[in-house]
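Written out below as structure tokens is the structure these notes cover.
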Amino acid sequence: MTMKAILIDRHGDADVMQYRDTEKPSPKANEILVQVYATSVNPVDWKIRQGDLQAVTGLSFPRGVGSDFAGIVAEVGAKVTRFRIGDAVYGAVNPLMGRAHAEYVAVSESQAALKPSNMSFAEAAAVPVAAVTALQSLRDLGDIKSGQQVLINGASGGVGTYAVQVAKAMDTHVTGTCSRENFELVESLGCDRVLDYRDTDFTKEGIKYDIIFDAVGKRNFWDCQEALTPNGIYVSTLPSLEDVAASTVTLLLPGQKAKLVLAQPNGQNLTEIKTLIEVGKIRSIVDSNHALSDAIAAHRRSESHRAKGKVVISVLSET
Ligand SMILES: NC(=O)c1ccc[n+]([C@@H]2O[C@H](COP(=O)([O-])OP(=O)(O)OC[C@H]3O[C@@H](n4cnc5c(N)ncnc54)[C@H](OP(=O)(O)O)[C@@H]3O)[C@@H](O)[C@H]2O)c1
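Residue numbers (our numbering): 385 to 703.
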């Protein structure tokens, strides 16, 4: 049996992606086969497509692209216990072995969860990598607590829009940075104070934060040190040399810490996020929605660094 999928035969810019026939996957014993209704784009997907991580991903082609998915379980492996055929699910495959920009994806049941009942497949496909990154950064690495002062650098992007909402769900006071044109969007997510990073440097305002989450990795711990409380935690999504050094140094010393997130989307976190979505604490901001055959345009939009929320690819019509 064949299916349509996005495949690449070499690393390169968005044009290397081809929408073509390939073999439909079969689930292993611990896997579910998901008929994909929607997938979304994360920067890691196009960084891998470009070959930025080829030391890890290798040079074997053809290969698939994409991590996030939402869809319906079409088959279950012999050892699957948590899902049944027909369940609506969402999740992410390991980005290093991306293959979710496709009509079907086989994935370990531990990497999926039931889809939030109050979201469309397109909205749900936006969630996994970005929202789990926000949750793991703020709760697991940042040790977020009610009443704290939290700053989200890059509050209007994929990770940032979920991070603002996760921080508000934890009853903190949230300052976000973005371009002025996105103030209304970020405020609509509950952000208490919004700054334009182009004209206000949050590290120089004299305000101290318990957590600075650099969702776009544009600053570093040393820049932010003065703006952290004595036990404040800086978390970044990008492993710059400065932050790798800072995380090592601060691990050995009392007081402020620098941490790097390497998000691992998993079913347990996705179930926790599903609960926050269903009680109305988290929603998806969809920047744009593209057809699978138009994945090139979707990747180009994400690569612009201007996406407001998430870039989504719809694979099957939801009606
Ligand atoms: N380590 C991990 O596990 C992990 C997981 C997920 C993502 N990441 C990384 O995290 C980064 C962000 O991911 P994403 O999905 O949020 O990306 P994204 O959606 O593409 O980010 C776009 C946003 O970046 C904002 N931005 C651009 N320059 C900025 C600056 N100088 N200061 C503040 N904001 C700025 C833009 O805001 P305006 O348009 O409002 O200016 C835009 O909303 C990527 O590099 C990604 O690879 C890492």
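From the three backbone atoms N, C-alpha and C, an ideal C-beta is built for every residue, glycine too. Note that the structure is predicted; figures quoted are calculated from it, not measured.
Beta-bridge pairing by DSSP links His485 to no other residue. When Phe567, Val550, Ile595, Lys588 are compared, the shortest CA-CA separation from Lys665 is found for Val550. Approximately 18 Å separates the beta-carbon atoms of Tyr403 and Gly455; this is outside 8 Å, ruling out the contact.
Judged by beta-carbon spacing, Ala476 lies within the 8 Å limit of Asp452, meaning their Cβ atoms are closer than that value. Less than 8 Å separates the beta-carbon of Val645 from that of Leu525. Rounded to whole angstroms, the separation of the alpha carbons of Glu459 and Ser410 is 8 Å. Contact annotation: Ala472 and Lys431 have beta-carbon atoms that are not nearer than 8 Å. The distance from the Cβ of Ile596 to that of Tyr618 is about 5 Å, consistent with a contact at the 8 Å cut-off.
Within the chosen limit of 7 Å, ligand 1 reaches the beta carbon of Val543 through at least one heavy atom. Assignment of Asn615 by DSSP, reduced to helix, strand and coil, places it in the strand class.
The beta carbon of Leu676 sits closer than 6 Å to those of Ile697, Val699, all from its chain and outside the five residues before and after it, given in chain order. Inclusion of Asn673 and Ala515 in the CB contact set at 8 Å is not warranted, their separation being larger than that value.
Within a 10 Å sphere around the beta-carbon of His485 sit 16 or more other beta-carbons, which makes this residue buried. Under the three-pair Cβ rule at 8 Å, the stretch 557-575 does not count as touching the stretch 634-644.
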